[in-house]
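Following: one structure in structure tokens, then a few remarks.
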Amino acid sequence: MKIALISRSTLYTQPGGDTVQVEYTAIGLKKLGHNVFIILAGHKLPNDVELIHGFNLGRPADLLPYFKTFKGRKVLSTLYVDYSSADTNRFPKLSRVLGMHGMEWFKTLLRGINNSDNFPSISFLFQGQQKSMLQLLSQADLVITSTINEFERIQQWSAIQGKSFKEKHCVIPLGISNIFINTPISKKRRNGLLMIGRLELIKNQHKIIEWATQYRWPLTIVGDPNKNQQAYAQFCRSIAGPSIKFIGHQNKEKIVELMDEHRCLVIPSLFETYSLVGWEAAARGLSVVANNAADMSESLASIANLVDVENESEFIAAIEAGMEGQKKSQVQFEHYTWDYISKMIDEAYR
Numbered sequence: 052m053k054i055a056l057i058s059r060s061t062l063y064t065q066p067g068g069d070t071v072q073v074e075y076t077a078i079g080l081k082k083l084g085h086n087v088f089i090i091l092a093g094h095k096l097p098n099d100v101e102l103i104h105g106f107n108l109g110r111p112a113d114l115l116p117y118f119k120t121f122k123g124r125k126v127l128s129t130l131y132v133d134y135s136s137a138d139t140n141r142f143p144k145l146s147r148v149l150g151m152h153g154m155e156w157f158k159t160l161l162r163g164i165n166n167s168d169n170f171p172s173i174s175f176l177f178q179g180q181q182k183s184m185l186q187l188l189s190q191a192d193l194v195i196t197s198t199i200n201e202f203e204r205i206q207q208w209s210a211i212q213g214k215s216f217k218e219k220h221c222v223i224p225l226g227i228s229n230i231f232i233n234t235p236i237s238k239k240r241r242n243g244l245l246m247i248g249r250l251e252l253i254k255n256q257h258k259i260i261e262w263a264t265q266y267r268w269p270l271t272i273v274g275d276p277n278k279n280q281q282a283y284a285q286f287c288r289s290i291a292g293p294s295i296k297f298i299g300h301q302n303k304e305k306i307v308e309l310m311d312e313h314r315c316l317v318i319p320s321l322f323e324t325y326s327l328v329g330w331e332a333a334a335r336g337l338s339v340v341a342n343n344a345a346d347m348s349e350s351l352a353s354i355a356n357l358v359d360v361e362n363e364s365e366f367i368a369a370i371e372a373g374m375e376g377q378k379k380s381q382v383q384f385e386h387y388t389w390d391y392i393s394k395m396i397d398e399a400y401r
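Under my numbering, the first residue of the sequence shown is numbered 52, with each subsequent residue one higher.
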């Protein structure tokens with residue numbers, strides 16, 4: 052089958068978890084014999100595509116032009132992040148006026164104005180974020196979420212036309228790249244704390260930086276600044292003490308090396324739909340400590356110590372226990388490889 056995977060135009064210039072998901076979905080489907088193309092928003096589909104698979108319900112301006120006109124089967128992976136907790140800090144007055152969906156509409160417009168992304172269509176600007184997302188859900192023949200919680204969050208505000216959301220929905224988790232499972236684990240002595248992710252408010256890195264500075268934890272932070280949140284990245288660097296090291300986005304091989312050098316991975320995000328990096332770290336033998344927030348409370352329950360990040364004393368205690376090697380019992384990571392997950396996606400397509 053000839054398949055087009057459609058994602059944001061900045062998939063490679065601002066890599067994130069969705070970059071991994073799109074790339075490895077493509078690799079897995081190709082192994083199963085499909086002819087797969089990754090299409091960035093704004094680019095034309097190849098001829099004779101039989102199925103399109105769009106990623107990110109929260110960016111309907113990217114996907115709707117394809118979903119409205121394509122005549123074949125349409126699949127949507129929602130990857131639906133609630134940015135409201137971060138937006139309340141970033142745009143406090145505007146957030147109160149516009150609300151969650153209005154803020155996403157505003158940010159889409161802002162990215163177009165500052166040329167950090169494609170400018171949205173006139174129809175999106177007039178229709179707004181929520182109606183555009185509802186239209187996207189209605190157009191999709193199959194909707195994939197990575198957790199039940201993600202499905203329930205969307206269901207709270209969606210009332211789509213035609214086939215019901217529940218009828219066209221399935222849950223498929225994200226996969227772990229084979230490199231995290233099959234690479235022999237280094238026998239070098241592990242030490243310190245690791246944090247991986249783009250520097251942005253929703254990732255909440257500054258909280259851990261403050262504590263690491265106060266308690267002199269050795270902390271390595273991996274990730275580039277969000278291009279639209281440079282001030283946050285500068286703030287994080289300004290409060291960092293001498294025990295903290297910043298390095299930019301790294302390839303998978305380097306991430307494996309870094310994981311093998313550290314004892315504990317911390318995920319203080321205010322919101323994550325799945326947090327694949329937690330699974331990757333657990334597969335490398337790290338302790339994982341994460342904020343007990345949606346959807347991490349579901350997706351990381353079997354491999355992470357989940358604590359409310361606002362409970363400072365408990366979260367600090369969890370990190371210190373993690374740096375001493377305390378962790379949950381391991382699961383069968385082979386059941387979470389991209390090869391395994393790709394077979395689930397392929398079956399769902401049918």
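Quick reminder that beta carbons are idealized off the backbone N, C-alpha and C, glycines included. None of these values were measured; they are calculated from a predicted model.
Next item on the list: Give the straight-line distance between the Cα atoms of Leu-188 and Lys-125, rounded to the nearest whole angstrom.
Entry: 10 Å
Notebook entry, point to check: Asn-356 lies in the alpha helix (DSSP H); which residues open and close that run?
Noted result: Premise fails: Asn-356 lies in the beta strand (DSSP E), 356-358, not in any alpha helix (DSSP H).
Notebook entry, point to check: Can you tell me where the alpha helix (DSSP H) with Ile-272 in it begins and where it stops?
Noted result: No alpha helix (DSSP H) contains Ile-272, which is instead part of the beta strand (DSSP E) from 270-273.
Next item on the list: Tell me whether Ile-148 is buried or exposed, calling it buried when 16 or more other Cβ atoms sit within 10 Å of its Cβ.
Entry: First, the residue type needs correcting, since residue 148 is Val and not Ile in the sequence shown. Label assigned to Val-148: exposed.
Next item on the list: Tell whether a beta-carbon distance below 8 Å holds between Gly-153 and Gln-186.
Entry: Contact flag unset, no.
Next item on the list: Just confirm the distance between the C-beta atoms of Ala-270 and Ser-294, as a whole number of angstroms; I'd bet it's less than 8 Å.
Entry: Ala is not the amino acid found at residue 270; the sequence shown has Leu there. Yes, Leu-270 and Ser-294 are in contact; Cβ-Cβ is about 6 Å, under 8 Å.
Check: In the DSSP assignment, what are the bridge partners of Asn-342?
Finding: Residue pairing for Asn-342: DSSP places it in a beta bridge opposite Val-358.
Next item on the list: Name the residue from Gln-190, Met-52 and Glu-261 whose alpha carbon lies nearest to the alpha carbon of Ser-128.
Entry: Of the candidates Gln-190, Met-52 and Glu-261, the one whose C-alpha sits nearest the C-alpha of Ser-128 is Gln-190.
Notebook entry, point to check: Which residues in the same chain as Glu-155 place their Cβ atom closer than 8 Å to its Cβ, once the five residues preceding and following it in sequence are excluded?
Noted result: Gly-109, Tyr-134 and Gln-180
Notebook entry, point to check: For the 8 Å Cβ check, are there 3 or more pairs between the stretch 247-256 and the stretch 217-229?
Noted result: no
Checklist line | Sheet register partners of Ile-90 (DSSP bridge) | finding: Ile-57
Checklist line | Every unbroken beta strand (DSSP E) inside the stretch 68-126 [3 residues or more] | finding: 86-91 and 102-106
Next item on the list: Might you give, ordered along the chain, the residues of its own chain that have their beta carbon closer than 6 Å to the beta carbon of Leu-327, omitting 5 neighbours on each side?
Entry: These residues qualify, in order along the chain: Gly-68 and Leu-225.
Next item on the list: Pull up the DSSP beta-bridge partners for Met-246, would you.
Entry: Ile-272
Margin query: I need the straight-line Cα distance from Asn-107 to Trp-208, nearest angstrom please.
Written below: 17 Å
Item checked: Per-residue DSSP class, three states only, for Ile-317 -> The displayed chain sequence assigns Val, not Ile, to residue 317. Strand at Val-317.
Next item on the list: Count the other CB atoms, across all protein chains shown, that sit within 10 Å of the CB of Gly-274; report buried if there are 16 or more and exposed otherwise.
Entry: buried
Checklist line | Candidates Glu-398, Ala-137, Leu-91 and Thr-139, of which the one nearest Tyr-117 by Cα | finding: Leu-91
Check: Three or more C-beta pairs closer than 8 Å, one from the stretch 327-339 and one from the stretch 280-300: is that the case here?
Finding: Contact check between the stretch 327-339 and the stretch 280-300: fewer than three CB pairs, one atom from each, fall below 8 Å, which does not count as touching.
Check: So what's Leu-62 in DSSP terms, helix, strand or just coil?
Finding: coil
Next item on the list: State the DSSP-derived secondary structure class of Thr-139, mapped to helix, strand or coil.
Entry: helix
Next item on the list: Use the C-beta contact count for Asp-168: other C-beta atoms within 10 angstroms, 16 or more gives buried, fewer gives exposed.
Entry: It is buried - the Cβ of Asp-168 has at least 16 other Cβ atoms within 10 Å.
Checklist line | Lys-214 (DSSP reduced to helix, strand or coil) | finding: coil
Check: Just reading off the beta strand (DSSP E) that Val-194 is part of, what are its end residues?
Finding: 193-196
Next item on the list: Measure the Cβ-Cβ separation of Arg-241 and His-313 and say whether it is below 8 Å.
Entry: yes
Item checked: Cβ shell of Pro-66 (< 7 Å), same chain only, five flanking positions each side left out -> Taken in chain order, the residues that qualify are His-300.
Note to self: With three or more beta-carbon pairs closer than 8 Å as the criterion, would you say the stretch 352-363 touches the stretch 159-176?
What the structure shows: no
Item checked: Cα-Cα separation, Met-246 to Ile-392 -> Taking the straight line from one Cα to the other gives about 26 Å.
Checklist line | CB-CB length for Asn-79 against Val-100, believed under 8 Å | finding: Note that residue 79 is Gly in the sequence shown here, rather than Asn. Between Val-100 and Gly-79 the Cβ distance is about 18 Å, and since that is not below 8 Å, they are no contact.
Next item on the list: Please check the pair Cys-221 and Ile-199, which I expect to be a contact at CB under 8 Å, by giving their CB distance rounded to whole angstroms.
Entry: Wrong, their Cβ atoms sit about 11 Å apart, outside the cutoff.
Checklist line | Segment contact flag, the stretch 331-340 with the stretch 367-377, C-beta cutoff 8 Å, min 3 pairs | finding: yes
Margin query: What does DSSP give as the partner residue(s) for Cys-287 in the beta ladder?
Written below: Paired residues: none, contrary to the question.
Note to self: Please report the straight-line C-alpha distance between Ile-230 and Leu-145, rounded to a whole angstrom.
What the structure shows: 43 Å
Margin query: Can you look up Thr-159 in the DSSP assignment and give me helix, strand or coil?
Written below: Helix at Thr-159.
Check: DSSP on Lys-394, reduced to helix/strand/coil?
Finding: helix
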